[in-house]
Amino acid sequence: MKPGEITKPIRTNRGVQILKLETLKPASTQPFESVRDLVADKVHDLRQQTEVRKFLARMRGEAIIEWKNEELKKLYDRQVASEGGN
Numbered sequence: 059m060k061p062g063e064i065t066k067p068i069r070t071n072r073g074v075q076i077l078k079l080e081t082l083k084p085a086s087t088q089p090f091e092s093v094r095d096l097v098a099d100k101v102h103d104l105r106q107q108t109e110v111r112k113f114l115a116r117m118r119g120e121a122i123i124e125w126k127n128e129e130l131k132k133l134y135d136r137q138v139a140s141e142g143g144n
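Just so you know, we're using our numbering here: the sequence shown kicks off at 59 and counts up by one.
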C-alpha cells in the first residue's frame with residue numbers, strides 16, 4: 059500500500075474492518091544496546107505465558123469439576139481447546 063490508500067473491507071473475528079495507511083516510515087535498525095531491555099521483557103513475557111499455561115493445564119487436570127449445567131461445560135471445553143491451540 060501507499061500512504062493515503064484504503065483497503066477493501068476485510069472480514070476479521072472482530073467484524074469487518076477497513077484500513078487506511080496514513081504514513082510510511084522507512085525501516086531502520088536500532089542498536090542492540092538501545093533495545094536490550096525491550097528484548098529481555100519480550101522473552102520474559104513469552105516464557106511466563108508458557109509456564110502459566112502449563113500450570114493451568116496441570117491444575118485443570120488435577121481438578122475435580124462437577125458440572126451442573128451441560129452448556130457451561132461445553133463452553134468451558136471450547137475455551138480450553140482454543141487456549142491449547144494458541
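We treat Cβ as the ideally placed atom computed from N, Cα and C, and that holds for glycine.
C-beta contact flag for residue i and residue j at 8 Å
i: Leu77; j: Ile68; result: yes
i: Val93; j: Arg118; result: no
Residues bridged to residue i [DSSP beta-bridge criterion]
i: Gly73; result: Thr70
i: Lys112; result: In the DSSP output, where bridge partners are listed per residue, Lys112 has none listed.
i: Lys78; result: Ile64
Distance, residue j Cα to residue i Cα
i: Leu133; j: Lys100; result: 31 Å
i: Gly73; j: Lys83; result: 28 Å
i: Ala85; j: Asp135; result: 43 Å
i: Glu120; j: Asn71; result: 33 Å
i: Glu128; j: Ile122; result: 16 Å
i: Gln107; j: Ser140; result: 15 Å
Among the options, the one whose alpha carbon lies nearest that of residue i
i: Gly62; options: Arg72, Thr81 and Val74; result: Thr81
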